[in-house]
Every structure is written in C-alpha cells, then in structure tokens.
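Enquirer: First the structure, which I've put down as structure tokens, then a few questions once you've had a look.
Number of protein chains: 2
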Amino acid sequence: MTLTLTPLPDIPLIFAGDDLPTIILGSLERLGLDLQEGDLLVIGQKIVSKAEGRLVNLVSVVPSNRAIELATETEKDPRMLELVLRESKSVLRTRPGTIIVEHRLGFICANAGIDHSNVAGEANDEEEWVLLLPENPDRSADCVRQRLEEASGVRLGVLIIDSHGRAWRMGTVGVAIGVAGLPALLDLRGHPDLFGYHLRITQVGVADELAAAASLVMGQAAEGTPIVHVRGFPYPLREASLGELLRPADQDLFR
Amino acid sequence: MTLTLTPLPDIPLIFAGDDLPTIILGSLERLGLDLQEGDLLVIGQKIVSKAEGRLVNLVSVVPSNRAIELATETEKDPRMLELVLRESKSVLRTRPGTIIVEHRLGFICANAGIDHSNVAGEANDEEEWVLLLPENPDRSADCVRQRLEEASGVRLGVLIIDSHGRAWRMGTVGVAIGVAGLPALLDLRGHPDLFGYHLRITQVGVADELAAAASLVMGQAAEGTPIVHVRGFPYPLREASLGELLRPADQDLFR
Chain A
723 MTLTLTPLPD IPLIFAGDDL PTIILGSLER LGLDLQEGDL LVIGQKIVSK AEGRLVNLVS
783 VVPSNRAIEL ATETEKDPRM LELVLRESKS VLRTRPGTII VEHRLGFICA NAGIDHSNVA
843 GEANDEEEWV LLLPENPDRS ADCVRQRLEE ASGVRLGVLI IDSHGRAWRM GTVGVAIGVA
903 GLPALLDLRG HPDLFGYHLR ITQVGVADEL AAAASLVMGQ AAEGTPIVHV RGFPYPLREA
963 SLGELLRPAD QDLFR
Chain B
723 MTLTLTPLPD IPLIFAGDDL PTIILGSLER LGLDLQEGDL LVIGQKIVSK AEGRLVNLVS
783 VVPSNRAIEL ATETEKDPRM LELVLRESKS VLRTRPGTII VEHRLGFICA NAGIDHSNVA
843 GEANDEEEWV LLLPENPDRS ADCVRQRLEE ASGVRLGVLI IDSHGRAWRM GTVGVAIGVA
903 GLPALLDLRG HPDLFGYHLR ITQVGVADEL AAAASLVMGQ AAEGTPIVHV RGFPYPLREA
963 SLGELLRPAD QDLFR
C-alpha cells in the first residue's frame with residue numbers, strides 16, 4: 723500500500739489560545755480531503771507550543787548560579803540556560819555553542835528543545851522571546867486526536883514532532899515527542915522472516931520513522947508547513963505514548 | 723506537494739549476480755508506474771548485498787585472538803566477530819549481546835551491519851550463513867541510478883538503506899548507507915525563517931529522513947518489500963554521497 727504525506731496548506735501563524743483542531747479541519751476542508759479510518763496527522767511542536775502559550779520573554783528570567791556557570795562553558799545566554807535547566811532532568815554534555823540534556827519529558831536533546839527562531843515577538847526585542855516545548859506533548863496529541871475523531875467519526879492517530887540532532891551522524895531528523903493513537907515502538911520479536919529465522923531487528927521505532935517522513939515534507943524554512951496529513955500507515959492503530967521510545971538509562975551505552 | 727512512497731510488488735528472492743535495475747523496471751512496469759523526473763528509488767541493503775554476492779559461510783572463517791576475546795565479552799560467535807572486525811575501523815562499545823563499531827564505511831552501527839536473518843542457505847546449515855553490507859553502497863546506488871536513468875531518460879535518485887539502533891531511543895529506524903543523485907545533508911544555514919531570524923536548525927539529514935520513511939513502508943518481516951518508489955521529494959536532486967551524513971569524530975560528543 724502506498725504511504726502518502728500531504729502538507730496542509732494555508733496554516734496561519736499560530737498564537738496562544740488558537741484552536742489547532744479547528745485550524746486543521748478548516749485546512750482539510752479547503753484541500754477537499756475527508757478524514758478516513760486510520761489517517762494520521764503529524765504536527766510540528768512549535769505551533770503546539772505557541773497555541774499553548776509556551777513563549778517566555780528572557781527579560782523575565784533570572785539565571786541561577788548553575789546557569790551562569792553553564793553560560794561560561796557553553797558561551798550561551800545565562801537566562802536561556804536557566805530555562806534549559808528548568809526544563810531538564812540532567813545535563814549530559816556541554817561545549818562552546820552546545821548543551822545536550824535529558825529533557826524533563828525523558829528524551830535527550832540540545833537546548834531542552836527551546837527555540838529562538840520563528841517566534842512572534844515585538845520588532846525591537848525579537849531576540850528576547852523563546853519557545854518552550856509543550857507541557858505534555860502526549861496529552862496535546864491526544865486532545866487533538868479526540869477532537870478530530872469526534873468531528874470525523876473515524877479512528878485517527880496524532881503525532882507531535884521536533885527535529886533532533888544525533889550522535890554520530892550529521893543533520894537533524896524529525897522525531898516523535900508526543901504520540902496518540904498510533905504505535906510508537908513496533909515489537910517484532912518472535913516473528914519469523916522469509917526463511918523462518920528469528921529477525922535481527924526486533925523493535926522498530928515506527929513513530930520516529932513517521933516523524934522523519936513528515937519532517938521531510940514540512941521543510942524547515944519560510945516555505946515550511948507545520949501540519950502533515952498521512953494516509954496508508956502500514957500498522958494497526960492502538961493506544962500508545964512517547965515512553966515506548968525512551969531508552970532506559972541502564973540500557974543506554976551512550977550517555 | 724504530496725510525498726508518496728510505494729513499495730514495489732513481487733520482488734523475487736535475490737541471488738548473487740541478479741540484476742536489480744532489470745528487476746526494478748519489471749516491477750514498475752507491472753505496477754503501471756512510469757518513472758518521472760525527480761523520482762527516487764529506495765532499496766534495502768540486504769538485496770543489494772545478496773546481488774553482490776556478499777554472503778559468507780561462517781564455516782570458512784577462522785577467528786583471530788581479538789575476535790575470540792570479543793566473543794567472551796559479547797557472548798557471540800567468534801567467527802561472526804572476526805567478520806565484524808574485518809568490516810570495522812574500531813570497536814566503540816561491547817556488552818553481552820551487543821557490539822557497536824565504526825564500520826569501514828564510516829558510520830556507527832551494531833555488528834558492522836552483518837546479518838544472520840533472511841539469508842538463503844542450505845536447510846541443514848542455515849545458521850552458518852551471514853550477509854555483509856555492500857562493498858561500496860554509494861557506488862551500488864550510483865550503478866542502479868545510471869541504469870534506471872538510461873532506461874527512463876529522466877533524472878533520478880537512488881538510496882540504499884539499513885536499519886540502525888540509536889543512542890537514547892528505543893527501536894531501529896531506517897538510515898541511508900548509500901546515496902546517489904539526491905542530497906544527503908541539506909544546508910539551510912543563512913536561510914531566514916518566517917520572522918527573518920536565523921534558523922536554529924541549520925542542517926537537515928534529508929536522506930536519513932527519506933530512509934526512515936521508506937523503512938516504514940518496507941516493513942521488516944515476511945510481508946516486507948525491499949524496494950520503494952518515491953515521488954514528490956521536496957528538494958532539488960544533486961550529486962551527493964553518504965559522507966555528508968558522517969559526523970567527524972572530533973565533532974561527536976558521543977563516541
């Protein structure tokens with residue numbers, strides 16, 4: 723079966739309090755696209771964060787001693803690092819220009835996912851606004867899913883994604899940070915392959931694979947679109963959460 | 723623009739010497755799909771390796787002292803570890819059941835990408851055959867691309883992919899191991915975003931994002947299909963190679 727990923731056109735700039743399900747349904751209608759059983763929506767985290775009012779003005783942030791220390795190590799703004807610390811469980815690595823943390827949500831990423839770019843601030847203090855990740859992306863995804871399921875009468879999945887850098891490889895890729903209604907990790911253990919062997923690969927990060935696919939069509943720059951409709955996901959929908967994709971520290975050789 | 727990924731049907735079992743371009747063209751014809759300018763083909767590494775005769779019978783492998791040592795650490799077959807060492811530049815991590823190496827091709831992966839499963843051997847010694855990665859996946863991808871371009875008269879890209887585990891996250895995802903004709907790393911540095919800021923994200927691993935997308939539709943088990951046709955890749959084709967995606971060791975905080 724063919725997998726199709728369609729970026730939704732004409733998504734407006736999003737502000738705190740905006741209702742994403744309404745915006746999604748409006749765009750689907752303009753596109754002439756009816757939601758069908760098993761369809762998925764993939765949403766970039768920035769518009770979820772904006773709708774949830776996760777903008778912070780750095781002017782309001784007083785850095786702790788630890789943040790000031792890290793600012794020296796990383797050559798970054800101490801107020802930014804204060805927010806990174808508040809959003810993190812632990813700091814994994816620092817060097818000039820880089821801070822890698824375990825986010826309070828459990829994944830490893832740079833800057834705790836806090837973002838300077840694409841934030842609507844005042845023209846004369848635009849550098850002061852930053853955007854935190856959604857409070858609880860699984861819950862955000864589930865809220866959107868429930869609203870879209872009510873409106874359409876069909877079973878759907880919703881994924882919230884961000885772009886993360888990686889160990890060993892250059893370039894960011896889209897990854898899941900919130901999951902509702904579709905498997906995050908697919909467990910193939912015990913399935914025989916064509917020759918009856920046990921498979922080498924036993925667990926597949928299907929939500930991350932979908933996140934990467936959607937990220938590809940979202941783009942990153944001015945022409946990007948933050949919502950992608952997906953049809954043809956090849957696995958049955960089920961209840962799930964991001965936790966499936968988080969490797970426990972004691973099973974992680976690279977922390 | 724919509725991105726569509728279509729697994730090619732009826733791909734036969736592949737044996738050494740089989741001609742993948744002929745097989746791909748036959749499947750496209752049965753599907754009624756004409757190649758168009760900018761289309762891509764994504765191919766799972768196993769069938770490329772098989773066509774190139776990269777099967778090795780472990781019975782023929784004499785393990786070195788180092789392989790025997792690693793076999794104790796990892797609780798794996800010393801002959802398998804001998805092949806892993808031959809295919810690797812260095813060993814990054816070992817523990818029971820796991821060996822992570824820098825492959826001679828430059829990427830980090832488990833078992834040097836050597837695979838027990840899905841290998842056609844004799845019924846009574848099936849556990850003895852293993853499959854190495856293609857000798858030079860960039861070159862393999864380019865050979866397929868040239869043949870398909872000659873047959874179709876249009877410009878195409880070809881990606882060879884494998885599934886790799888990751889630091890920090892559970893589950894494998896599809897990643898590029900050979901690239902021909904499409905960008906591997908997309909450089910957005912200097913592009914302003916919607917508000918004229920410089921982007922936080924400056925380099926995107928688009929070939930890895932496409933690999934993940936294709937992996938999703940290939941599946942992993944008996945019902946899987948190892949070749950995916952892609953239409954609607956949103957970036958201009960250009961000459962490229964896997965090297966773009968390999969993070970130099972001195973820029974890698976996680977080795």
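Sequences listed follow chains A and B, in order.
Numbering of the first sequence is given in this note's numbering, commencing with residue 723 and proceeding in unit increments.
Numbering of the second sequence is given in this note's numbering, commencing with residue 723 and proceeding in unit increments.
By construction, the Cβ of each residue, glycine as well, lies at the ideal position given by its N, Cα and C atoms.
Since we're looking at a predicted model, the values are computed, not measured.
#1: Is any beta-carbon of chain B found at less than 9 Å from that of A933(A)?
#2: Give the residues of chain A in contact with T894(B), contact being defined as C-beta atoms less than 8 Å apart.
#3: Could you check where the beta strand (DSSP E) with R953(B) kicks off and where it finishes?
#4: Return the CA-CA distance between A832(B) and R977(A), expressed in angstroms with no decimal places.
#5: Using the C-alpha atoms, what's the distance from R953(A) back to L870(B)?
#6: Please list, in chain order, all residues of the same chain as E844(A) whose beta carbon is under 7 Å from its beta carbon, the five residues on each side excluded.
#7: With a threshold of 9 Å between beta-carbons, can D972(A) be considered close to chain B, or not?
#8: Going by beta carbon distance, what residues of the same chain come within less than 6 Å of E850(A), once the five residues before and after it are set aside?
#9: Rounding to the nearest angstrom, what Cα-Cα distance links T728(B) and T726(A) in this structure?
#10: Give the straight-line distance between the Cα atoms of D974(B) and A889(A), rounded to the nearest whole angstrom.
#11: Give a yes or no on whether 9 Å exceeds the smallest Cβ distance from E966(B) to chain A.
#12: Is S963(A) close to chain B? Criterion is C-beta to C-beta, closer than 9 Å.
#13: Ignore the nearest five residues each way along the sequence and tell me which others in L777(B)'s own chain have a CB closer than 6 Å to its CB.
#14: At a Cβ threshold of 9 Å, is R977(A) touching chain B?
#15: Could you name the residues of the segment 756 to 789 of chain B whose beta carbon sits closer than 9 Å to any beta carbon of chain A, in the order they occur along the chain?
#16: Report yes or no: is there a C-beta of chain A within less than 9 Å of the C-beta of M802(B)?
#17: Let me make sure I understand the geometry here. Which of P958(B), V813(B), M892(B) has the alpha-carbon closest to that of G828(B)?
#18: Going by DSSP in three states, G965(B) sits in which element: helix, strand or coil?
#19: Cβ closer than 7 Å: which chain B residues qualify as neighbours of G941(A)?
#20: Quick check: what's the CA-CA separation for I790(A) versus K768(A)?
#21: Counting pairs of beta carbons, one from the segment 730 to 742 of chain A and one from the segment 955 to 966 of chain A, are three or more of them closer than 8 Å?
#22: I want to verify the contact list: residues of chain B whose CB lies under 7 Å from the CB of I830(A), in sequence order.
#23: Note down, in chain order, every chain B residue with its Cβ under 8 Å from the Cβ of R675(A).
#24: Assign V876(B) to one of two classes, buried (16 or more other C-beta atoms within 10 Å of its C-beta) or exposed (fewer than that).
#25: L907(A) versus chain B: which residues are under 7 Å apart at the beta carbon?
#26: Give the straight-line distance between the Cα atoms of I899(B) and M892(A), rounded to the nearest whole angstrom.
#27: Who are the Cβ neighbours of L967(B) in its own chain at under 7 Å, not counting the five residues just before and after it?
#28: From M940(A) to I883(A), what distance separates their C-alpha atoms?
#29: When you check each C-beta in the segment 723 to 757 of chain B against every C-beta of chain A, which residues fall closer than 7 Å?
#30: Can you pull the chain B residues whose beta carbon is under 7 Å from the beta carbon of R969(A), in chain order?
#31: For a contact defined as C-beta to C-beta under 8 Å, what are the partners of L938(B) on chain A?
#32: Can you list, in chain order, the residues of its chain whose CB lies under 6 Å from that of K772(A), leaving out five sequence neighbours each side?
#33: Does any residue of chain A bring its CB to less than 9 Å from the CB of V901(B)?
#34: Quick one: what does DSSP say Q973(A) is sitting in, helix, strand or coil?
#35: Quick check: what's the CA-CA separation for E824(A) versus G879(A)?
#36: Taking the straight line between their C-alpha atoms, what separation do you get for G896(B) and H951(B)?
Expert: Taking the geometry as given:
#1: yes
#2: I923, Q925, V926, G927
#3: 949 to 953
#4: 17 Å
#5: 28 Å
#6: In this prediction, E844(A) scores a pLDDT of 48, lower than 50, which makes its location untrustworthy; the coordinate-derived value is nonetheless stated afterwards. Excluding sequence neighbours, E844(A) sits near nothing in its chain.
#7: no
#8: N779, L780, V781
#9: 9 Å
#10: 7 Å
#11: yes
#12: no
#13: W851, L853
#14: yes
#15: none
#16: no
#17: V813(B)
#18: helix
#19: P956
#20: 27 Å
#21: no
#22: W890
#23: Because residue 675(A) is not part of the residues shown, which for chain A are 723 to 977, the question remains open.
#24: exposed
#25: M892, G893
#26: 13 Å
#27: A898, A906, L907, G927, A929, D930
#28: 11 Å
#29: T724, L725, T726, L727, T728
#30: W890, R891, M892
#31: L725, V928, E931, L932, A935, F955, P956
#32: I736
#33: no
#34: helix
#35: 26 Å
#36: 15 Å
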